[in-house]
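Structure, as C-alpha cells:
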Amino acid sequence: MGTGTGPGDVLQLIRRGQASTRTEVAELTGLSRVTVAQRVDALLAAGLVRASGAGASTGGRRPAVLRFNADLGVVLAASVDTTHARVAALDLAAGVLGEHVVAVDVLDGPERVLTALEDAMTKVLADAGRDAAHVEGVGVSLPAPVDPATGRPSQPPIMPGWDGYPVADHVRRGFDVPVVVENDANAMAAGEHAALHPDCAAFCLVKVSTGIGAGMVLGGRLFAGVDGGAGDIGHVRLPGVEAQCQCGSRGCLAA
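Quick note, the sequence shown lines up with residues 73 to 327 if you use the working numbering.
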C-alpha cells in the first residue's frame, strides 16, 4: 500500500480481520512504526477501533489486539418490494439488531410509502434499544431503476409517481445522516459480492421476485448504466409473447 495509506485503509484491514496488531498493519502496508501508530491512534480516538486483550508475543511485550468497534453506531436498511418492505437496524459489521416487515404498496406513491418506512425505522430502533442519535446512515433499495447521478428513481415501469422523486431527501427529514438509494437487484448484487465473492472481477446476480432484475459488479464497482437501467431485464420484450405485464406492456420477460 505504501505512504498513501490513510486511516481508512488501515480500518479496512482491521475490519476485515486481515490485521489485528500494529505489527501486522505495518507488514501489510509497508508503513513505518511511527506512521502506523498515528493511523491506529486516530482510529482509537474516533472509537472505530478497540484495543483489547493481548496477542501472541514475538519477543518482548505482547501486543494489544485491535478489533473493529461494530457497536459504535447503527445503520438502517429498507428493502422495498411492490407490496411490502423489510426494515432492519444493523451494527457497523452488518449484524442484525432487529427487523420489521411493513405492508406497503408502491402504487400508493412515495410520500405514503416512505412515511411508513420511517415509522418502521423508528420502531425497529426502539426495539433494538437505540434511537436516531445512534444512526450513522440509511440505505434504501427500490424495485426500480435508480439514476446513479441523482440517486432518484428513473422512469420506474411499475411505480407511477416515483419518477425523479427525491427519496433520500425525504428520508433525511427523519434521519439527518447520509442516505443511499439503490435499485434492489443492484443492492443485492453489491452485498453478495462484498460478503461472499470479493475477489470475483465480474459478478452478476439475477433477482426473481414480484419482478425480475439483475445487478452487475464489474471490477469491484456496480455497473448501473447511464440512467440506472443496465440490469432491468424484466421489461425486455420477448418475441411472440402477448402476456400482460404490470407495467402495462405485453410480452415483457417479467410477465
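For every residue, glycine included, the Cβ atom is placed at its ideal position computed from N, Cα and C. Treat the numbers as computed from the prediction; the structure is a model and nothing was measured.
Neighbour-count burial assignment, L268, 16 or more Cβ in a 10 Å radius: Taking the sequence shown and counting its residues from 1, the one referred to as residue 268 is at position 196. That one is exposed.
Reduced DSSP category for Q84 - H, G, I as helix; E, B as strand; rest coil: Mapped onto the sequence shown, residue 84 falls at position 12. Q84 falls in the helix class under three-state DSSP.
Ordered list of alpha helix (DSSP H) runs contained in the stretch 177–249, each at least 4 residues: Those alpha helix (DSSP H) runs which fall completely within the stretch 177–249 and span 4+ residues are 182–199 and 239–244.
The stretch 214–221 contacting the stretch 254–269, beta-carbon criterion three pairs below 8 Å: As far as the Cβ criterion goes, the stretch 214–221 touches the stretch 254–269, which means the pair count is three or higher.
Beta strand (DSSP E) runs wholly inside the stretch 98–146, at least 3 long, in chain order: For the stretch 98–146, whole beta strand (DSSP E) runs of length 3 or above, ordered along the chain, are 121–124 and 137–140.
Coil, strand or helix - A329 by DSSP: In the structure as shown, the chain begins at 73 and stops at 327. Residue 329 is therefore absent and cannot be evaluated.
Contact under 8 Å by Cβ, S226 with G300: Taking the first residue of the sequence shown as position 1, residue 226 is located at position 154. Taking the first residue of the sequence shown as position 1, residue 300 is located at position 228. Cβ distance < 8 Å, so S226 and G300 count as in contact.
Nearest-angstrom Cβ-Cβ length linking T154 and I230, presumed shorter than 8 Å: For this step, residue 154 is matched to residue 82 along the sequence shown. For this step, residue 230 is matched to residue 158 along the sequence shown. Yes, they are in contact, since the Cβ atoms of T154 and I230 sit about 7 Å apart, within 8 Å.
Cβ-based neighbour list, G238, same chain, cut-off 8 Å, excluding 5 preceding and 5 following: Residue numbering aside, residue 238 sits at position 166 when the sequence shown is read from its first letter. Going by the sequence as given, residue 238 is Pro instead of Gly. Contacts found: R224.
Buried versus exposed, by CB contacts within 10 Å (16 or more), A117: In the sequence shown, counting from the first residue as 1, residue 117 sits at position 45. When all chains shown are included, A117 counts as exposed.
Strand pairing of N255, partner residues [DSSP]: Taking the first residue of the sequence shown as 1, we reach residue 255 at position 183. L214, per the DSSP bridge assignment.
Meets three-Cβ-pair contact criterion under 8 Å: the stretch 243–252 and the stretch 265–284: Flag = no, the stretch 243–252 and the stretch 265–284 do not touch.
Other residues of its chain near A261: CB distance less than 6 Å, five sequence neighbours each side excluded: Mapped onto the sequence shown, residue 261 falls at position 189. Around A261: L277, G287 and V289.
Same chain, Cβ closer than 8 Å to E264, five either side skipped, listed in chain order: As a position in the sequence shown, residue 264 is number 192, starting the count at 1. Excluding positions up to five away in sequence, the list reads F275 and L277.
Inter-residue Cα distance where the pair is V196 and G170: For this step, residue 196 is matched to residue 124 along the sequence shown. For this step, residue 170 is matched to residue 98 along the sequence shown. The straight-line gap separating the alpha-carbon atoms of V196 and G170 is approximately 6 Å.
L310 burial status per 10 Å Cβ neighbour count (16 or more: buried): Taking the first residue of the sequence shown as 1, we reach residue 310 at position 238. Classification for L310: exposed.
F275: first and last residue of the uninterrupted beta strand (DSSP E) it sits in: Along the sequence shown, read from residue 1 onward, the residue named residue 275 stands at position 203. Element bounds for F275: A274 to V280.
The beta strand (DSSP E) enclosing V289, as first and last residue numbers: Position 217 of the sequence shown, counted from the start, is the residue given in the question as residue 289. In the DSSP annotation of this structure, the continuous segment of the beta strand (DSSP E) that includes V289 starts and ends at I284 to L290.
Beta-carbon proximity of L144 to L164, cut-off 8 Å: Against the sequence shown, residue 144 aligns to sequence position 72. Against the sequence shown, residue 164 aligns to sequence position 92. Taking 8 Å as the Cβ cut-off, L144 and L164 qualify as a contacting pair.
Delimiting residues of the beta strand (DSSP E) encompassing H269: Taking the sequence shown and counting its residues from 1, the one referred to as residue 269 is at position 197. Element bounds for H269: n/a, residue is neither H nor E.
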